[in-house]
């Protein structure tokens, strides 16, 4: 029994050391990519980051990489460093304020309008009531966000809505994260103005 226990301990120690070395190797391989992210975060006051394995498992991009964190990391490592930087800058520099005009062709007071945003990677649908030229403030409009692309898409965690311009505009301020092939940009906010 003692021999079995000693053998188990030796195997356990060797396997723990092996996994720690792999984790260190991954981190050392990602250092150039992480340095680019750090530079961009500092210069643009953003929150880009490469997902940890736990965050990856809980993220919407989990299925995009066959549920395998190594595939996600390998995708980053196989990307040219200049391409990586360029793609990260696209996330940071995305337009964040949108204005849309709603034209009504019916007399119905209940309306629904869907508009694309985030470089056509997402759409936002607003359900509302109106009287033709103004929003009906007795009805609280609802906003939903849909994913239109497999990369650089926004996942909304919360939103607020306000009536403006004598109730002729409803402004949605959507907060959440952008998920890309390389990582996540947290604390992202998009403002969408729906105008009657």
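Numbering (my numbering), first residue to last: 3 to 198.
All C-beta atoms in this analysis are idealised placements derived from N, C-alpha and C, irrespective of residue type, glycine included.
Given the structure is predicted, the values throughout are model-derived calculations rather than measurements.
Pairing residue 185 with residue 35, the inter-Cα distance amounts to about 11 angstroms. Proximity to residue 158 across 123, 131 and 168 peaks at 123, based on C-alpha coordinates.
Bounds of the beta strand (DSSP E) holding residue 103 are 99 to 103. As the crow flies, the alpha-carbon of residue 63 is around 25 angstroms from that of residue 174. DSSP lists no bridge partner for residue 136. In this structure, the beta-carbon distance from residue 176 to residue 135 does not fall below 8 angstroms. Residue 102 and residue 117 do touch by the CB rule: their CB atoms are close to 5 angstroms apart, below 8 angstroms. Here DSSP, grouped into helix, strand and coil, assigns residue 94 to helix. About 6 angstroms separates the Cβ atoms of residue 104 and residue 197, confirming a contact at the 8 angstroms cut-off. In chain order, 111, 131 and 132 place their CB closer than 7 angstroms to the CB of residue 138, counting only its own chain and leaving out the 5 sequence neighbours on each side. Residues 127, 128, 129 and 130 of the same chain have their beta carbon placed closer than 8 angstroms to that of residue 114, with the five preceding and five following residues left out of the count. Beta-bridge analysis with DSSP links residue 112 to 131. For residue 149, the three-state secondary structure derived from DSSP is strand. By DSSP's assignment, residue 33 forms no beta bridge with any residue. Residue 70 is not bridged by DSSP to any residue. The alpha-carbon separation between residue 85 and residue 39 amounts to approximately 13 angstroms.
The C-alpha of residue 70 lies about 18 angstroms from the C-alpha of residue 51. Counting along the chain, the unbroken beta strand (DSSP E) around residue 180 starts and ends at 171 to 181. Residue state for residue 190 is assigned as strand, using DSSP reduced to three classes.
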